[in-house]
Amino acid sequence: MSVTSTCGIGSAVQRVEDDTLLAGRGEFADDLGVAPGTLHMAILRSPHAHARIDRLETTKANAVPGVRTVLGGNDLAKASAPLMAVLRTPMTVRPCAVDRTRYVGEPIAIALSKDRYLAEDAIDLIEVNYSPLPAVMNPLQAMADDTPLLHEGLDHNLVSDRSFTYGRPDEAFSEAEHIVETQITYPRNSCTPLEGYVVHASYDPGKDAFTVRSNFQGPFSLHPVMARSLGVSENRLRLISIPNSGGSFGIKQAIYPMIVLTALAAKLSGSPVSWVEDRLEHLTGASSATNRATSIKAAVQKDGRILALDWDQVDDVGAYLRAPEPASLYRMHGNLAGAYDIPNVKCRNRVVVTNKTPTGLNRGFGGPQHYFALERLVHQIAIELGLDRIDVIKQNLVPAKRFPYKSASGAVLDSGNYEALVEKVLTPQVISDLEERKQKSISAGKLYGIGFAAVVEPSISNMGYITTALTPAQRAKAGSKGGAIASATVSIDPTGSVSVTCDSVPQGQGHETVLIQVVSEILGLSPEFIQVNGELDTQKDAWSIAAGNYSSRFAGAVAGSAALAAERLRERLAQIAASSLNVPPQAVEFVDGNARAVGNPENVVSFQRLAGAAHWSPGSLPSHVQRGLTETAQWSPDELTPPNEEDEINSSLAYGFVFDVCGLEIDPNSGAARIDRYITGHDAGRLLNPLLADGQIYGAFAHAVGASLLEELAYDDDGNFLSGTLGDYLLPTTCEVARPEIIHLETPSPFTPLGAKGLGEGNCMSTPVAIANAAADALGYQDIQLPLTRSRMFEMISRGAGETPPREGSKNQEPYLRAKDGKKGRSVEGHGKTTLSIRPEAAWTMLLNPQTLGAVIPGCRSIHAKTPECFVGTVRIGVGAVRGDFDFEVNLTDMHPPNSIRLSGAGQGALGAGSGEGVLTLEDDCAGGSTLTYRFSVDVNGKVAAVGGRMLDSVARMLAGEFFDALAAEISGAPKRRLSFMQRLLRMIGLKK
Amino acid sequence: MKPAPFDFIAAQDWPEALESIAEYGDEASVIAGGQSLMAMLNMRLAKPSVLIDINSIKPAYEVQRDRDSVRFGAAVRQAALELGGNSADAHPLLSEAIKHVGHVQTRARGTICGSICHADPSSELPLCLVASAGTVELATKYTRREIAAVDFFRGPLTTMRRPDEIMVSVKFPKAQPGQAHAFKEIAERHGDFALASFAAIVSRGKTRLAVGAAADRPVARDWPTDSLSDLQDALNDFAWDLGGNEDHHASARYRRSLVRTVGLETIRAAQQRLNAQESAA
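Chains as they are written, first to last, in our numbering: chain A, 62 to 1054; chain B, 139 to 419.
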């Protein structure tokens, strides 16, 4: 049996990477070790969503023994240029905030020390004075005229606004029998790899050159962005990637500002610098997918045929429009109509900045948001028109005979047979099984829904798609951008073993395995002869702008480039073999480690001998044979060109098709959703390795289940980040991920060298909306908002239903705390009443005395009156083992002696910051005492909000209650309670600010 | 995620540990399994200047069983509740609830007393202690006292433990004849912090339900009835009385609803067990 039949392209070969990984011998970025004298970097990050930085004082931090230096945003900015953006706007993008911070988690300053512990000690001692500014959180409100602006020089938070018309959508809408529309908001989430960001950087002043090892994944279009910011030519920024990865799924694209930051730190400190991101940093400040608000309309015939679409999308890229954004919004631009043959499409794309972490690549990049709107709409068309949902899908699918199909907005859908895959997935047996499951479930008191999704999965992006965000005139001025390029190098050693490198940075997908399959098949070698080196070194390897690991480009583009390189070497070896076999080169085949004459297996020469001849005796080779046995193929498809004058763009080279069916069971009491049955059908062209293909599908499905049911990078309305730990940002575990059934159809792509397309992102695009459609079906309700957590599902199930009040005489009172102004988040307010044994006048005097207050504030380290109306001090606040020191300032206003006073204040410490306000009213109770009533509101941010959100409300309640009780006790001269009133107040002020 | 500097005292016996806590009080944290404290140290939420390690104290590993109760020393791991032989008969509630406490890996390290002393309002073991009317034992250098669970928990992460005290053991009463129990928890994922958790202990004519994660501490309530229809109104009042925690994982209304529905299911499950026990006997 020949090796090619069991190990070659298309075989289900086990991963060659796994022996090393499973034995714990994989070397990851943080295992590499660092050069002697390396400094470790810790980063001070903003606790505020939006604030002016009034003062940054590093003296105390610098004095920590072992700390080399502490640098603020200004120090770093002086030594570097801003990061270039895709769209030219007056916005300045830097890796570290200067004078103003715009999201929780933004770097404010760095400390460099001989170890990370000391660097974090130093961070705690940096003093920063912030003046909080109003936070802008909602992408739609961000565009309103009276909304605060995030960036100087920008007269709007709207940074891009383009409208497109393809075909004649207006006519279609005016003539339509039905117009169906829907609005969706897609939440923020990310892909959360096990391994965070790692950067090791050094600087050689003699050469004015940087060397960086990091787990950056590309795209290498960001390499020039980094070099420019560092002020060096590109050949003076050597980037070396790490062959083993703890996962990326896109998010390690966004390391690049941190590479600049670490490299600058190395230059300014004169030592190599290492930075290893921790989980809190990652969740808070790494990056995320965009959240999006979409309004979408369809012009529909009464039979369900869609004649036109009208999109209005608002993408929220966070605080800065960081390259490659606004790519999220444009990656799907060619395939705006998805898998459907819709001739008329209108689209308005807006991009806004808000006070959230800047966005970037995440598995599915732009697809989940896009298809959530489109496929919810298709579901709704069927519901509103009273049609079968599958009939509506089928009737609009691009027909098989139309491939390659040019979509209205310019995509050339390369190949497919969409209807055949739908039939293959949704057999009559599947339909009846789902119906049976539904009936069974409903009779058991559950809710049950069935959902579908049909999506086109683009891969191998056209670099020019992002420039669709520019007008044709702007593009003409900037110079055209378009195309894709992939590189791979194959080298044959003197003894016939083979080395392969490529320009994709592996992130765990199995590049090695597939490249071995491809090269071994082409050269007729057994797999053990092939070695793949997954490192990419920008100074030594072949690469171009499009290098990197993104846009599902490996199977289609990179493996294809390796095949081209191997084929060129095979041709060369065939020419050498031809002379010794005495046959023409075309009649030489490579099988089982030999070159032999076709049809005459006895006429043979070993591969090893051919390789040896080419290395040891190049002079004796036939003169027409090219010398050397290293071949680099740089492949670029002709089908990808820049957007044209009409804004048509073929945004990707290959388009797979995914069709999903989901049976979802919901418990009406707990709101728990369980995926009862899930079938996912894929046509990704030719499968290079079905085992790895299924692995990709399982992985994307797991990510999608998380996005659908659990995961949200949550902010409150004041911009506080609430998901700083994996106890708050909930990833699905194996217990929560059902195993999907996978069905393949293989319609090879005519445009990729091996006929393969990407398939690792499709379920991130299809599954969230398939689950949402199933939930809509179960609930008979259309406004489905992800993630479908138990509480949210319950709220949808019980929408409009009243709640039984407690019985008369029950202990219940008005809830003590509630969301401030009905806002979502950590702003809470409360009220209470307590009795004092002295009259209002006497109580008033005591209230205004800082000594009284200092005495009743447990943990109060100092307090003094800056002015008669302003007290400042420090307090140590503790709840259980959680403890922190806070500087506070309390201002007394609206004083109406002796009846009422307003206390407003702010506190700040290493744990976070908070602000609060309380109104105290004193009334004479006509019995020698007085009644103290109070109302307060508090707001917390920073680390405490990010990791303790679960308990903040009840902590606030406890602290407030005890604080006011203790105040009453102190004023009344009663024995002091364990926790005093003022302590509590200040605690709240400090803790919550 | 590196802790601030601290001194480390590996106490060899209780007198040494109690001497240390007497000396450092508030500035010290006691570490046993570290499943909550280590994360708090690494995030610098807790910055004790001294860490008193009780893992070397042999008597802290003692499990004392008597006729009516079992007492777990401060270093006894949560896994003991799963692996401890016939404890399922004596403490059916604990052995049912323990599966919900974190994961098998964290239970191998985390201690029973540590979880109780940490007083997370959504933790299962404090809930079980309140439900079964257990007690905790607190010691100083000079004194020892027992506190009933219902008095021990004061609020989120807050207990009656004084700064110079260490919780040296916890006592769970054994299940009594004529009693049956049930435990249910609603969480987003297995092993997560509960959105709400329930422990029911029933006997003829009596119902006790304790609820976790819905208020700032576990709360138990008794009703002199076992009629499910009477209990529905009572549960509704209870749901409102709990105050309704609201966070970004769950609304107060949702938690109230869980008290009504899942609370009732828990009681019903306990009653079914009681019926089964009685018909078996």
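Glycine included, C-beta positions come from ideal geometry on N, C-alpha and C.
What are the start and end residues of the alpha helix (DSSP H) that includes residue i?
{"i": "residue 405 of chain A", "result": "Element bounds for residue 405 of chain A: not the alpha helix (DSSP H) but the beta strand (DSSP E), 405-413."}
{"i": "residue 70 of chain A", "result": "Segment: none, residue 70 of chain A is in no alpha helix (DSSP H) and carries neither H nor E."}
{"i": "residue 857 of chain A", "result": "851-858"}
{"i": "residue 579 of chain A", "result": "572-584"}
{"i": "residue 80 of chain A", "result": "79-83"}
{"i": "residue 245 of chain B", "result": "242-247"}
If you measure between the beta carbons of residue i and residue j, is that distance less than 8 angstroms?
{"i": "residue 572 of chain A", "j": "residue 609 of chain A", "result": "no"}
{"i": "residue 396 of chain A", "j": "residue 198 of chain A", "result": "no"}
{"i": "residue 895 of chain A", "j": "residue 981 of chain A", "result": "no"}
{"i": "residue 599 of chain A", "j": "residue 791 of chain A", "result": "no"}
{"i": "residue 260 of chain B", "j": "residue 187 of chain B", "result": "no"}
{"i": "residue 133 of chain A", "j": "residue 117 of chain A", "result": "yes"}
{"i": "residue 481 of chain A", "j": "residue 461 of chain A", "result": "yes"}
{"i": "residue 606 of chain A", "j": "residue 812 of chain A", "result": "no"}
{"i": "residue 746 of chain A", "j": "residue 476 of chain A", "result": "yes"}
{"i": "residue 709 of chain A", "j": "residue 470 of chain A", "result": "yes"}
Residue i CB to nearest chain A CB: under 8 angstroms?
{"i": "residue 359 of chain B", "result": "no"}
{"i": "residue 383 of chain B", "result": "yes"}
{"i": "residue 330 of chain B", "result": "yes"}
{"i": "residue 189 of chain B", "result": "no"}
{"i": "residue 145 of chain B", "result": "no"}
{"i": "residue 209 of chain B", "result": "no"}
{"i": "residue 335 of chain B", "result": "no"}
{"i": "residue 289 of chain B", "result": "no"}
Do you know how far the Cα of residue j is from the Cα of residue i?
{"i": "residue 355 of chain B", "j": "residue 199 of chain B", "result": "27 angstroms"}
{"i": "residue 288 of chain A", "j": "residue 297 of chain A", "result": "8 angstroms"}
{"i": "residue 617 of chain A", "j": "residue 578 of chain A", "result": "14 angstroms"}
{"i": "residue 271 of chain B", "j": "residue 948 of chain A", "result": "42 angstroms"}
{"i": "residue 882 of chain A", "j": "residue 977 of chain A", "result": "Note on residue 882 of chain A: pLDDT 45, under 50, position unreliable in the model; the coordinate value appears next. Each residue's alpha carbon lies about 14 angstroms from the other."}
{"i": "residue 275 of chain A", "j": "residue 181 of chain A", "result": "21 angstroms"}
{"i": "residue 275 of chain B", "j": "residue 289 of chain B", "result": "12 angstroms"}
{"i": "residue 880 of chain A", "j": "residue 538 of chain A", "result": "Note that residue 880 of chain A scores a pLDDT of 44, beneath 50, so its modelled location is shaky and nothing firm can be said."}
{"i": "residue 876 of chain A", "j": "residue 1000 of chain A", "result": "Per-residue confidence for residue 876 of chain A stands at a pLDDT of 41, beneath the threshold of 50, marking its modelled position as unreliable; no derived number is given."}
{"i": "residue 445 of chain A", "j": "residue 238 of chain A", "result": "12 angstroms"}
{"i": "residue 263 of chain B", "j": "residue 306 of chain B", "result": "16 angstroms"}
{"i": "residue 716 of chain A", "j": "residue 463 of chain A", "result": "14 angstroms"}
{"i": "residue 680 of chain A", "j": "residue 631 of chain A", "result": "19 angstroms"}
I want to see whether chain B comes within less than 8 angstroms of residue i, judged by CB atoms only; does it?
{"i": "residue 796 of chain A", "result": "yes"}
{"i": "residue 181 of chain A", "result": "yes"}
{"i": "residue 943 of chain A", "result": "yes"}
{"i": "residue 81 of chain A", "result": "no"}
Just the chain A side, please: which residues come within less than 9 angstroms of residue i by C-beta, in chain order?
{"i": "residue 259 of chain B", "result": "1011, 1012, 1015"}
{"i": "residue 273 of chain B", "result": "In chain order: nothing, as chain A lies at least about 20 angstroms away."}
{"i": "residue 305 of chain B", "result": "Within 9 angstroms Cβ-Cβ: nothing; residue 305 of chain B doesn't reach chain A, min ~13 angstroms."}
{"i": "residue 256 of chain B", "result": "941, 942"}
What in chain A is Cβ-close to residue i, meaning under 8 angstroms?
{"i": "residue 237 of chain B", "result": "Neighbours of residue 237 of chain B on chain A: none; closest Cβ ~12 angstroms, over 8 angstroms."}
Applying a beta-carbon distance threshold of less than 7 angstroms, which residues of chain B neighbour residue i?
{"i": "residue 865 of chain A", "result": "374"}
{"i": "residue 17 of chain A", "result": "No answer is possible for residue 17 of chain A: the residues shown for chain A start at 62 and end at 1054."}
Kindly list, in the order they appear in chain B, the residues whose Cβ is closer than 9 angstroms to that of residue i.
{"i": "residue 1019 of chain A", "result": "292, 293, 294, 296, 354"}
{"i": "residue 1004 of chain A", "result": "181, 182, 183"}
For residue i, return the contacting residues in chain B, with the cut-off set at a CB-CB distance below 8 angstroms.
{"i": "residue 850 of chain A", "result": "326, 387, 388"}
The beta strand (DSSP E) spanning residue i covers which residue range?
{"i": "residue 255 of chain B", "result": "Per DSSP, residue 255 of chain B belongs to no beta strand (DSSP E); it is in the alpha helix (DSSP H), 250-256."}
{"i": "residue 994 of chain A", "result": "991-1002"}
Determine the chain A residues that contact residue i at a beta-carbon separation under 7 angstroms, and present them in chain order.
{"i": "residue 176 of chain B", "result": "Under the 7 angstroms cutoff, chain A gives no residues; its nearest Cβ is about 11 angstroms from residue 176 of chain B."}
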